[in-house]
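Below is one structure, written out as structure tokens; the observations come after it.
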Amino acid sequence: MVECFNMASTIVCPHCGEEFEMTEALRHEIEETMLAAERAKLQKKLEAERAKFREAYDKQVAKLEKEAEAKIREEIDLELKKSKQAAALAKNGK
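309 is the number that this note's numbering gives to position 92 of the sequence shown; each next residue is one higher, with no gaps.
Structural data, given as structure tokens:
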């Protein structure tokens with residue numbers, strides 16, 4: 218396990234405290250491993266956030282569709298009622 222990195226490119230053993238030079242290849246390998254782990258963690262977090270967003274979006278769309286359908290039904294009922302009243306007036310007016 219790497220305890221610390223310093224400007225001299227040495228690492229300190231967490232068990233015995235011995236310092237030793239880190240080669241560029243070793244540093245690159247460690248960096249890539251750490252970056253890959255961080256990318257995977259962030260990707261998982263991003264996917265979870267996308268799923269939450271999608272769920273909230275789908276709920277909102279369903280709510281708006283339901284509200285729109287209710288409004289359209291009210292308008293149709295009102296027009297039907299007006300038509301029936303007009304027909305009744307026309308029938309009574311004859």
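The beta carbon of each residue, even a glycine, is placed where N, CA and C say it ideally should be.
- A residue is called buried once 16 or more other Cβ atoms fall within 10 Å of its Cβ, and residue 228 is buried on that count.
- Annotation: the continuous beta strand (DSSP E) that includes residue 236 extends over 236–238.
- Listed as beta-bridge partners of residue 227 by DSSP are 238.
- Look at residue 232 here: in three-state DSSP terms it is coil, with no helix or strand label.
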